[in-house]
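The structure appears right after this line, and notes come after that.
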Amino acid sequence: MLRYLTPEERKRLFKAAGQSNDIYARRDSAIIRGLYFSAERVGEFALMTVGDAEAALADKYHFIPKENRKGGKRDHSVYVTLGLSKALRDLLEVRILITGEEKPAKTAPLLVSRQSTDRPMTVRSIELRLKKWAIAAGLTDKFSPHWLRHTRAIDIMRRSKAADPRGVVKAALGHNSIASTGVYTGVLREDVENTLDDLDRHQGNRITRAELRRRFDRRHNDD
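Numbering (this note's numbering), first residue to last: 1 to 223.
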């Protein structure tokens, strides 16, 4: 599992997009946070309407119909946490600032295109905008929005106190099979790096009591 962000990298990405007052930067910041906290695929998130966002805030669940999902087999619902709630409210507010529409139609796209407020942002546009912020945050240019879904899953696995963390990830991401969730149980790159660094720091550094005695005697004999 390489396509994810460490907690420190995620903070850098959030900060890079969130520190600008530009209206489109504010929109991008909310998209980044929305994708992370929802763990939705970018294609699902891009299809959200104003009515969907408002209903999600009211119901505490974002409903995704199966026709909007990969494979189109099952409906899915995403629990609206505080982080996701803030992201959705920000997107609704930014939409008003971009379009000037105080009361848009419920079916109007939440993420509007620069070219036309009647059309949603394309997945490609979202990918390009978010890659820009990833590079600004000093991350790899291979970053894609899907990394945020992986990152959320890994963070759940690490922080969950449930008896079955994999089951929590499966439900949160809407996987059809628990086998799909198995990838998040693998060894993470920072765990490998930290273990090897720790090994190198301590390798050969242990000193026997006899050696400590010899060093003590040497210091005192030198005096």
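Where is the CB? At the ideal position from N, CA and C, for every residue including glycine.
Would a C-beta distance cut-off of 7 Å place V42 and I154 closer than the cut-off? For this step, residue 42 is matched to residue 42 along the sequence shown. For this step, residue 154 is matched to residue 154 along the sequence shown. Not a contact, by the Cβ cut-off of 7 Å.
On the premise that L110 lies in contact with D28, defined as a C-beta separation below 8 Å, what is that separation, rounded to the nearest angstrom? As a first step, residue 28 must be located in the sequence shown, where it is residue number 28. As a first step, residue 110 must be located in the sequence shown, where it is residue number 110. Under the criterion of beta carbons closer than 8 Å, D28 and L110 do not qualify as touching, at roughly 14 Å.
Taking D22 as the reference, which of A39, L128, L97 and A56 has the closest Cα? Locating residue 22 in the sequence shown gives position 22, counting from the first residue. Of the candidates A39, L128, L97 and A56, the one whose C-alpha sits nearest the C-alpha of D22 is L97.
Where the alpha helix (DSSP H) through F37 begins and ends: Start at 1 with the first residue of the sequence shown, and residue 37 comes out as number 37. Note, F37: alpha helix (DSSP H), I23 to S38.
Can you tell which of G72, W147, I156 and G167 has the C-alpha that lies nearest to the C-alpha of L13? By one-based count along the sequence shown, residue 13 stands at place 13. Among G72, W147, I156 and G167, the Cα nearest to that of L13 is on W147.
Could you pull the DSSP bridge partners for F63 from this structure? One-based indexing of the sequence shown puts residue 63 at position 63. The partner list for F63 (beta bridge, DSSP) reads S77.
Cα-Cα separation, A210 to H220: Within the sequence shown, the letter at position 210 stands for residue 210. Within the sequence shown, the letter at position 220 stands for residue 220. A210 and H220: Cα-Cα distance of roughly 15 Å.
Are R152 and A87 close, meaning C-beta to C-beta below 7 Å? Taking the first residue of the sequence shown as 1, we reach residue 152 at position 152. Taking the first residue of the sequence shown as 1, we reach residue 87 at position 87. Cβ distance not < 7 Å, so R152 and A87 don't count as in contact.
Do you know offhand how far F63's Cα is from S77's? Sequence index remark: in the sequence shown, residue 63 carries index 63 (1-based). Sequence index remark: in the sequence shown, residue 77 carries index 77 (1-based). Computed Cα separation, rounded: 4 Å.
Taking C-beta to C-beta, are L57 and F45 nearer than 7 Å? Taking the sequence shown and counting its residues from 1, one reaches residue 57 at position 57. Taking the sequence shown and counting its residues from 1, one reaches residue 45 at position 45. Their beta carbons are not under 7 Å apart, which means L57 does not touch F45 by this criterion.
With distances taken from CA atoms, which of L2, R95, K11 and R3 is nearest W133? Here residue 133 is taken as the residue at index 133 of the sequence shown, counted from 1. Nearest neighbour of W133 by Cα position, chosen from L2, R95, K11 and R3, turns out to be K11.
I135, buried or exposed, once every other Cβ within 10 Å from all chains shown has been counted against 16: Start at 1 with the first residue of the sequence shown, and residue 135 comes out as number 135. Classification for I135: exposed.
With a CB to CB cut of under 8 Å and the five nearest residues on each side skipped, what residues in its chain are close to Y61? Indexing the sequence shown from 1 puts residue 61 at position 61. For Y61, where only same-chain residues beyond five positions count, the Cβ hits under 8 Å are S77, V78, Y79 and V80.
Under three-state DSSP, which class holds T296? Because the chain spans 1 through 223 in this model, residue 296 falls outside it and cannot be assessed.
How far does the alpha helix (DSSP H) with R69 in it extend, from its first residue to its last? For this step, residue 69 is matched to residue 69 along the sequence shown. Here R69 belongs to no alpha helix (DSSP H), and DSSP marks it neither H nor E.
Label Y4 either buried or exposed according to how many other C-beta atoms from any shown protein chain fall within 10 Å of its C-beta, with 16 as the threshold for buried. The count along the sequence shown starts at 1 and reaches residue 4 at position 4. With 16 or more other Cβ atoms within 10 Å, it is buried.
Inter-residue Cα distance where the pair is T181 and A163: One-based indexing of the sequence shown puts residue 181 at position 181. One-based indexing of the sequence shown puts residue 163 at position 163. Whole-angstrom Cα-Cα distance: 15 Å.
So if DSSP puts T49 in a beta bridge, which residue, or which two residues, is it bridged to? Locating residue 49 in the sequence shown gives position 49, where the first residue counts as 1. As computed with DSSP, T49 is found in a beta bridge with P109.
Kindly give me the distance between the Cβ atoms of F37 and L84, rounded to whole angstroms, as I take these residues to be in contact under 8 Å. Locating residue 37 in the sequence shown gives position 37, counting from the first residue. Locating residue 84 in the sequence shown gives position 84, counting from the first residue. That pair is a contact at about 4 Å.
I'd like to check one pair, P145 with L130: are the Cβ atoms closer than 7 Å? Residue 130 sits at position 130 when you count from the first residue of the sequence shown. Residue 145 sits at position 145 when you count from the first residue of the sequence shown. Yes, they are a contact pair.
Alpha carbon of N176 to alpha carbon of S113, nearest angstrom: In the sequence shown, residue 176 corresponds to position 176, counting from 1. In the sequence shown, residue 113 corresponds to position 113, counting from 1. S113 has its alpha-carbon roughly 32 Å from the corresponding atom of N176.
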